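Working notes for the structure below.
Protein chains: 2
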Amino acid sequence: MLSSTPRTRHRRMKANGRSDPADLYAVLAAGRIAHLGVSVDGHPMVVPTVYGFDQERIFLHGSVASRSLTTGAEACVTVTVLDGLVLARSVFEHGINYRSAMIYGVPESLEDEAKLYGLRVLTEHVAPGQWDYARKPSRKELAATTLLALPLTEASVKISTGPPDDGDGPDAALGLWAGELPVVATWGVPVPDPQLAGSIAVPAHLAAYTGRPI
Amino acid sequence: MLSSTPRTRHRRMKANGRSDPADLYAVLAAGRIAHLGVSVDGHPMVVPTVYGFDQERIFLHGSVASRSLTTGAEACVTVTVLDGLVLARSVFEHGINYRSAMIYGVPESLEDEAKLYGLRVLTEHVAPGQWDYARKPSRKELAATTLLALPLTEASVKISTGPPDDGDGPDAALGLWAGELPVVATWGVPVPDPQLAGSIAVPAHLAAYTGRPI
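Protein chains in written order, with our numbering: chain A, 1 to 214; chain B, 1 to 214.
This is how it looks when you write it as structure tokens:
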């Protein structure tokens with residue numbers, strides 16, 4: 001069970017709240033960008049960053065937020081996947097279908113083997129197959145990379161699915177169409193770097209992305 | 001020109017920073033979900049929410065964050081659109097192509113005509129055509145809606161496009177494929193509410209979504 005602390009307890013839309021870790025992993029598996037929220041001199045700042053995760057931690061590329069990541073500062077990391085629009089009979093009942101995870105904690109900056117491990121996990125989440133295909137980080141490149149880890153212990157998951165709620169209310173008599181409009185997000189066709197020698201073909205693991213859901 | 005304050009000045013990846021308001025509007029037009037960052041008792045919290053915007057303000061559906069939106073509290077609202085993966089010869093040069101806007105300010109809760117206006121702008125951004133098609137909010141529904149507005153005066157825009165950077169470096173000799181893998185995000189086919197009378201057809205403005213970029 002995911003922890004229930006005052007801030008992860010679901011105050012609104014309780015029907016959407018989930019407490020099974022499998023739901024958390026599923027949301028993190030579906031997303032590619034996390035929004036990292038920190039306080040900088042008391043002012044909120046939210047930066048987008050790529051991430052990866054294992055059973056225990058989420059790994060973030062920290063350079064985008066490096067100036068704000070003083071040791072011991074709290075963070076909230078949110079991953080949201082938009083699945084579709086909920087089109088109701090009334091504007092009031094309109095909404096979105098989405099999956100969202102919020103993770104609270106104090107990010108830790110990783111070093112050495114832990115950093116290399118986290119970077120591999122992150123790379124394999126964002127671009128599966130590339131860790132083994134591309135040149136791996138040198139010692140100097142590793143030193144120039146900031147990698148953060150946040151435990152998955154204090155997390156809140158919300159998943160909203162299905163049609164609008166007003167199908168059995170008085171607005172059903174309006175005779176308006178209602179339903180869902182799904183988002184279809186897939187990987188496109190790889191675009192070669194113009195500087196690439198023409199003889200280098202797209203490797204199989206990248207060609208296989210095309211048409212797959214993101 | 002967008003303002004340049006200490007926190008919106010681009011400290012990293014200067015080449016990606018933009019200061020033309022047209023870029024800000026373009027990013028906001030391309031996104032559907034904003035991540036609203038606030039401090040709750042000094043702890044960062046980042047919540048996803050739908051939004052709309054006009055030339056001067058971004059409008060947010062505030063109920064998801066209502067407990068944290070005490071009057072006068074500062075916020076950071078970030079909208080990010082993932083456009084693709086940047087696949088380089090080295091893991092170190094991997095990245096993403098994206099468009100991102102960060103807006104800082106103190107959200108104002110809207111009432112009466114301003115709230116109705118903001119809600120229309122928001123609805124027409126998220127689901128164009130639905131404000132005129134669906135039943136508009138009653139007085140009671142309006143009272144139950146929290147709508148926030150944030151001025152667009154203090155904003156930071158970053159746009160990253162193009163191929164990886166290592167095509168003219170030593171790694172080019174590795175003979176590895178490199179390039180971009182674009183994200184293709186479109187609206188799918190409308191799914192009728194199971195409670196819908198079979199005789200109600202999908203209206204033209206919704207049928208026209210299918211296949212269009214999000």
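No residue lacks a Cβ here, since even glycine has one placed at the ideal position from N, Cα and C.
For clarity, every value in this text was computed on a predicted model and none was experimentally measured.
List the residues of chain A whose Cβ lies closer than 7 Å to the Cβ of residue 137/B, in chain order.
91, 92
Taking only beta-carbon positions, decide if residue 58/B is within less than 8 Å of chain A.
Taking 8 Å as the CB threshold, residue 58/B stays off the interface with chain A.
Note down, in chain order, every chain A residue with its Cβ under 7 Å from the Cβ of residue 193/B.
At a C-beta separation below 7 Å, residue 193/B has these neighbours in chain A: 163, 164, 167, 178, 179.
Give, in chain order, every unbroken run of the beta strand (DSSP E) that is at least 3 residues long and sits entirely within the region 114 to 159 of chain A.
147 to 151
Consult DSSP for residue 94/B and reduce its assignment to one of helix, strand or coil.
coil
From the beta carbon of residue 26/A, is the nearest beta carbon of chain B less than 8 Å away?
no
Would you verify that the beta carbon of residue 74/A is, or is not, closer than 8 Å to some beta carbon of chain B?
yes
Is there at least one Cβ from chain A nearer than 8 Å to residue 100/B's Cβ?
yes
DSSP on residue 165/B, reduced to helix/strand/coil?
coil
Tell me the DSSP secondary structure of residue 50/A in three-state form.
strand
Hey, quick one: how far does the beta strand (DSSP E) through residue 60/B stretch, first residue to last?
57 to 61
Is the separation between the beta-carbon of residue 86/A and that of residue 96/A shorter than 8 Å?
yes
Just verifying my parser: in three-state terms, what is the DSSP assignment at residue 209/A?
Under the three-state reduction of DSSP, residue 209/A is assigned to coil, being neither helix nor strand.
By DSSP's criteria, residue 104/B is part of a beta bridge. Which residues make up the other side?
76/B
In angstroms with no decimal places, state the Cα-to-Cα distance between residue 84/A and residue 180/A.
So the alpha carbons of these two residues sit roughly 7 Å apart.
With burial defined as no fewer than 16 other Cβ atoms inside 10 Å of the residue's Cβ, what is the status of residue 130/A: buried or exposed?
Classification of residue 130/A: buried, given that the 10 Å Cβ count is 16 or more.
Flag residue 197/B as yes when its Cβ comes closer than 7 Å to any non-hydrogen atom of the ligand PLP, and as no otherwise.
Annotation note on the ligand PLP: not contained in the displayed structure, which lists no ligands.
I want to verify the contact list: residues of chain A whose CB lies under 8 Å from the CB of residue 46/B, in sequence order.
35, 36, 37, 46, 76, 77, 78, 102
Measuring CB atoms only, is the region 48 to 56 of chain B touching the region 111 to 124 of chain B, in the sense that at least three cross pairs come out at less than 8 Å?
With the cut-off at 8 Å, the region 48 to 56 of chain B and the region 111 to 124 of chain B touch.
With the cut-off set at 8 Å, would you say residue 88/B and residue 178/B are in Cβ contact?
yes
Identify the contact partners of residue 196/A in chain B, using a Cβ-Cβ distance below 8 Å as the criterion.
167, 177, 178, 179
Establish whether the CB of residue 96/B and some CB of chain A are separated by less than 8 Å.
The beta carbon of residue 96/B falls within 8 Å of a beta carbon belonging to chain A, placing the residue at that interface.
Using alpha carbons as the reference points, say which of 183/A, 185/A, 203/A lies closest to residue 192/A.
203/A
DSSP on residue 197/A, reduced to helix/strand/coil?
Shown here, residue 197/A sits in coil according to DSSP, grouped into three states, outside any helix or strand.
Contact between the region 155 to 173 of chain A and the region 143 to 158 of chain B: three or more CB pairs below 8 Å?
Touching, no.
Does DSSP put residue 20/B in a helix, a strand or coil?
coil
Leaving out five residues on either side along the sequence, give the residues of the same chain with a beta carbon under 6 Å from the beta carbon of residue 37/A.
46, 76
Measuring alpha carbon to alpha carbon, tell me which of 166/B, 139/B, 199/B, 110/B ends up nearest residue 60/B.
Nearest Cα to residue 60/B within the set 166/B, 139/B, 199/B, 110/B: 110/B.
Just the Cα atoms here: how many angstroms apart are residue 211/B and residue 127/A?
25 Å
From 140/A, 149/A, 144/A, 98/A, pick the residue whose C-alpha is nearest to that of residue 117/A; which is it?
149/A
Spell out whether any CB of chain B is found under 8 Å from the CB atom of residue 206/A.
yes
Return the first residue and the last residue of the beta strand (DSSP E) that residue 111/A is part of.
Note, residue 111/A: premise wrong, no beta strand (DSSP E); not H, not E.
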